[in-house]
Each structure stands twice: as structure tokens, then as C-alpha cells.
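Taking our numbering, the leading residue of the sequence shown gets 1, the next gets one more, and so forth.
The C-beta atom is built at its ideal place from N, Cα and C for all residues, glycine as well.
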Amino acid sequence: MKKINWKQKLTSRKFWAAVIGFVTALLMGFGVTETETAQVTSIIMSAGTMIAYIIGEGMVDANRNE
1 MKKINWKQKL TSRKFWAAVI GFVTALLMGF GVTETETAQV TSIIMSAGTM IAYIIGEGMV
61 DANRNE
């Protein structure tokens, strides 16, 4: 079994688009308003951006120290 490369997954735009698509479908299915759905989507994208930035900076710092 292949090991999942979480650094690569968490910095992938495709991964975050899939997460947003999944969560949006769930929210719509549960009857959440469009405004609330947009707010949740914005929060997920903000979190994804921060995670990608932190991992990216960590990788740059690790390469700098080699």
C-alpha cells in the first residue's frame, strides 16, 4: 500500500476544491442558506491557503538549512 504524501495533498488546489465541493453539497442537502454556505466556503478556502503557506514556508526553510 502506498503511503499518502500529506504535504502534497494539503497544498493541492484540487484537494481544496474537492473539499469545498463536498462540503457545499452537504450544506445544500441539509438546507443551509446560500449566504451561510458562502461563508463556510470562504472559511475553508482561508484555512486551505494558510495551511499551504505554512507547509510551503516550512519546505523552503528546510531546504535552506541543508
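Open item on the list: Under 8 Å: do the segment 23-41 and the segment 1-8 share three or more Cβ pairs, one atom per stretch?
Closed with: no
Open item on the list: Rounded to whole angstroms, what is the Cα-Cα separation between V23 and M45?
Closed with: 12 Å
Task: DSSP-derived helix/strand/coil call for S12 - done: coil
Open item on the list: Using a Cβ-Cβ cutoff of less than 7 Å, which residues in the same chain neighbour L10 once the five nearest sequence positions on both sides are dropped?
Closed with: I51, A52, I55
TODO: State yes or no: is the C-beta of M28 within less than 8 Å of the C-beta of T41?
DONE: no
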